[in-house]
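Residue numbers (the working numbering): 22 to 613.
Right, dumping it as structure tokens:
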């Protein structure tokens with residue numbers, strides 16, 4: 022069984038007394054492994070060395086690691102400008118440490134080497150606690166290196182902080198201290214269970230924007246404008262030494278691999294580029310986000326229920342400093358409930374590490390880790406336990422009212438933004454959609470032709486176009502009326518849509534003519550697709566008019582083409598198909 026004790030450091034004498042107590046000595050002697058985590062507001066090695074030295078002297082078998090912070094968690098409560106020490110005693114598990122310095126550009130290689138050492142120690146590791154210095158290294162690249170080693174277990178932890186100075190952070194293992202580096206504690210043991218969980222609690226607020234230029238960890242432009250302008254225009258945040266403190270509650274939100282991630286800018290330079298400690302990629306779509314207090318508390322309750330079922334014997338928390346800045350005194354609504362389950366200990370971070378087969382650098386999240394040796398103390402039931410402790414209530418109905426008012430105003434803004442975006446999407450759809458056939462209209466087809474020609478010119482990407490004309494359509498209108506003619510066009514439009522690829526674009530070119538744009542298709546592919554469409558339409562039986570046919574003219578992009586020359590070549594092929602008897606396919610090539 023795991024046992025944990027937390028010590029809030031005041032001085033060396035107090036720590037010495039704790040280490041010398043009979044209860045502490047008995048726990049140390051009966052344990053197979055002892056993990057000591059030291060989390061401190063101090064980034065000065067001179068402060069940390071005497072503490073580490075005293076612990077190493079009294080507990081020579083202990084695994085001692087730590088990091089500088091942006092807030093400390095002891096007994097589930099927030100502390101600030103303290104040093105907290107967590108002693109976790111294991112009855113049957115084993116620990117080892119992998120610690121490495123890391124300099125700019127070496128992150129992937131260092132991560133891969135750490136992963137190799139982890140696998141070399143134990144292939145059946147139960148989990149890895151990772152601490153790193155994201156202010157000075159690319160922590161996302163470090164995780165990519167570890168991921169490439171396929172260590173096969175869960176990774177969790179956090180990035181060292183420095184109380185918003187954004188200058189220097191620190192991690193250490195024993196007497197080794199790193200301004201640039203990473204420390205991994207590897208847990209193993211047949212009876213050891215580790216249950217990491219995470220949640221965000223931030224919602225999108227602004228319209229979608231695209232990252233258009235990135236240089237390493239610097240985002241230079243968003244929508245081809247200096248990235249800083251987003252914070253200046255929407256939030257009136259100045260580019261000064263208070264930028265991080267003013268911006269940290271409003272991260273950029275992006276979706277990657279189906280997961281919503283937050284990215285917090287730490288600084289803006291003179292060119293308007295934003296500096297991040299977590300990766301943002303060119304081409305990703307982002308939105309400004311805001312912390313939803315109700316959602317955070319709701320998610321905290323759900324995570325707490327999940328952890329209750331796990332029945333932990335110790336809980337480690339690695340939670341973003343943004344959360345304590347956002348929630349202020351109410352931040353314990355999400356941390357303190359864990360203390361009712363098991364001793365709860367951790368720190369506020371600059372980025373959180375989480376994952377198994379795929380490792381992710383998070384921002385603005387909380388990572389909660391339950392640890393247990395042996396089976397759970399109680400089995401989970403289908404109904405919630407009546408003894409589950411509830412999160413603490415707000416201490417004062419008037420306390421922090423401003424934060425809750427702001428949260429509701431932000432919710433209102435977010436809802437209005439969503440409604441406007443929905444309206445804009447509908448307006449955009451109407452502006453590019455043919456009302457009769459519900460295919461894209463001539464305006465959108467012209468835009469997509471321009472885009473495909475540009476791709477073909479820049480990257481050599483092939484594509485083809487196919488013009489489709491309904492044979493003898495005037496007779497349909499003259500004999501059966503325009504309503505029947507409209508129904509024929511609708512049926513043919515559906516057939517064209519249903520027998521093309523998802524990447525193909527089918528639109529109404531005008532009157533009884535349609536245009537198909539086929540990306541990554543040459544002359545032969547265009548001919549096969551056109552004949553497939555011709556056969557599909559020929560099989561249609563239309564009420565009142567029976568079978569109808571269409572003629573097809575195709576052309577593939579050739580060097581020097583523009584939209585006009587390409588479509589003209591397809592149009593000439595279409596007329597050739599009609600002249601040759603209709604219900605056939607002709608492909609136009611240059612010089613033919």
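For each residue, glycine too, the CB sits at the ideal point set by N, CA and C.
Can you tell me the Cα-Cα spacing of residue 393 and residue 150, whole angstroms? 15 Å
Is residue 80 close to chain C? Criterion is C-beta to C-beta, closer than 8 Å. The question asks about chain C, but that chain is absent: this structure has only one protein chain.
Is the Cβ-Cβ distance between residue 274 and residue 266 less than 8 Å? no
Identify whether residue 140 lies in helix, strand or coil by the three-state DSSP scheme. helix
DSSP state of residue 255, grouped into three classes? helix
For residue 263 and residue 142, the rounded distance between their alpha carbons: 45 Å
Could you tell me which of 155, 218, 187, 251 sits nearest to residue 204, measuring between CA atoms? 155
Closest Cα partner of residue 195 within the set 531, 83, 588: 83
For residue 20, the first and last residue of its enclosing beta strand (DSSP E): Limits of the chain in this structure are 22 at one end and 613 at the other, which puts residue 20 out of reach.
8 Å Cβ shell around residue 171 - same chain, five flanking residues per side excluded: 136, 140, 378
Am I right that residue 27 and residue 95 are in contact with their C-beta atoms under 8 Å? What's the rounded C-beta distance? 5 Å
Could you check whether residue 199 and residue 238 sit closer than 8 Å to each other, using their CB atoms as the reference points? no
Under the assumption that residue 228 contacts residue 442 (Cβ atoms under 8 Å), give the Cβ distance between them as a whole number of angstroms. 6 Å
Residues bridged to residue 214 (per DSSP): 393
Do the stretch 558-575 and the stretch 595-608 make contact, defined as three or more Cβ pairs closer than 8 Å? yes
Pull the bridge partners of residue 220 from the DSSP assignment, please. 387
First and last residue of the uninterrupted alpha helix (DSSP H) at residue 614: A query on residue 614 cannot be resolved here, the shown segment of the chain reaching from 22 to 613 and no further.
Three-way DSSP call (helix, strand, coil) for residue 66 in this model: helix
Between which two residues does the beta strand (DSSP E) holding residue 28 run? 24-30
With contact counted as at least three CB pairs below 8 Å, one residue from each stretch, are the stretch 547-557 and the stretch 507-521 in contact? yes
Take every Cβ of the stretch 475-493, pair it with every Cβ of the stretch 584-602, and state whether three or more of those distances are shorter than 8 Å. yes
Under 8 Å, do residue 272 and residue 190 count as touching if we go by C-beta distance? no
Between the CA atoms of residue 104 and residue 30 - distance to the nearest angstrom: 5 Å
Looking at the structure shown, is residue 343 part of a helix, part of a strand, or coil, going by DSSP? helix
Based on DSSP bridge pairs, tell me the residues matched to residue 486. 538, 576
Specify the secondary structure class of residue 349 as computed by DSSP and reduced to three states. helix
Could you check the C-alpha separation between residue 261 and residue 336 for me, to the nearest Å? 38 Å
Ignore the nearest five residues each way along the sequence and tell me which others in residue 268's own chain have a CB closer than 8 Å to its CB. 252, 256, 258, 285, 286
Using the three-state DSSP reduction, which class does residue 320 fall into: helix, strand or coil? helix
Beta-carbon within less than 6 Å of residue 620's beta-carbon, same chain only, minus the 5 sequence neighbours each way: which residues are those? The chain is shown from 22 up to 613; residue 620 falls before or after that span and cannot be answered.
Tell me whether the beta-carbon of residue 347 lies closer than 8 Å to the beta-carbon of residue 312. yes
Could you check whether residue 344 and residue 387 sit closer than 8 Å to each other, using their CB atoms as the reference points? yes
Buried or exposed for residue 510, going by 16 or more other Cβ atoms inside 10 Å? buried
Residue range of the unbroken alpha helix (DSSP H) whose run includes residue 51: 43-51
Just reading off the alpha helix (DSSP H) that residue 584 is part of, what are its end residues? 584-600
Span separating the alpha-carbon of residue 126 from that of residue 180: 18 Å
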